[in-house]
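Visitor: full-length UniProt numbering applies: residue 1 is where the sequence shown begins, and numbers increase by one.
Think of the CB as a built atom: it goes at the ideal place given N, C-alpha and C, for glycine as much as any other residue.
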Amino acid sequence: MNKKRKAIIEKEIMKVISNLLFLEIKNPKVKEGMISVTKVDISNDMRYADVYFSVLPYKDEEVDKDKVLQGLNEVRSFMRKRVGEEINLRYTPEIRVHIDDTISYGVRISKLINDLK
């Protein structure tokens, strides 16, 4: 597949899923922290879309990332259905969800550096 087309489709899927998280998904497991889509990686045959989510806590609370991942897995089929409705593709890719810890790791490192000052 053309890299430019792949990048456009990934960006569109990211936009659709981000809007779903903000407006339509009501699962309490998913609403436990601040969740955002950090990356979408679609396979070359466009059958699978790996969607990476960052999960940050509200204020100083802890977030159970396994519970959030379970909630995201519960709404996978809904996300796939909505992606298929919003984006005109031959095949609607199967959504595979992953937790991306890079942002929370960066926040933790930043706090450690600030504590040293």
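Under a three-way DSSP split, which group does Tyr52 fall into?
Guide: If DSSP states are grouped into helix, strand and coil, Tyr52 belongs with the strands.
Visitor: Spell out a yes or no on whether the region 55–64 and the region 25–45 are touching, meaning 3 or more CB-CB pairs, one atom from each, closer than 8 Å.
Guide: Enough Cβ pairs lie closer than 8 Å, so yes.
Visitor: Hey, is Lys26's beta-carbon within less than 9 Å of any beta-carbon in chain D?
Guide: The structure shown contains no chain D; it is built from a single protein chain.
Visitor: Give me the residue from Ser54, Arg80, Lys29, Ile103 with the minimum Cα distance to Thr92.
Guide: Taking only the C-alpha atoms, the option nearest Thr92 is Arg80.
Visitor: Taking the alpha carbon of Asp41 as the reference point, which residue from Val16, Gly84, Ile95, Phe22 has its own alpha carbon closest?
Guide: Taking only the C-alpha atoms, the option nearest Asp41 is Ile95.
Visitor: DSSP state of Thr92, grouped into three classes?
Guide: If DSSP states are grouped into helix, strand and coil, Thr92 belongs with coil.
Visitor: Note down the Cα distance separating Ser43 from Met14, rounded to an integer number of angstroms.
Guide: Between Ser43 and Met14, the C-alpha separation is close to 15 Å.
Visitor: Could you tell me which of Asn73, Asn19, Arg108, Ile109 sits nearest to Lys29, measuring between CA atoms?
Guide: Residue Asn73 is the option with its Cα nearest to Lys29.
Visitor: Determine the direct distance from the alpha carbon of Tyr52 to that of Lys3, and round the result to whole angstroms.
Guide: Between Lys3 and Tyr52, the C-alpha separation is close to 19 Å.
Visitor: Quick one: measure Cβ to Cβ for Val75 and Asn27, integer angstroms, because I've assumed they're closer than 8 Å.
Guide: Right, their Cβ atoms sit about 6 Å apart.
Visitor: Which first and last residues belong to the beta strand (DSSP E) in which Lys3 is found?
Guide: Unbroken run through Lys3 is the alpha helix (DSSP H), 3–19; no beta strand (DSSP E).
Visitor: For Ile103, which residues of its own chain have a beta-carbon under 6 Å away from its beta-carbon, when the five flanking residues on both sides are left out?
Guide: Correct list, in chain order: Ser54.
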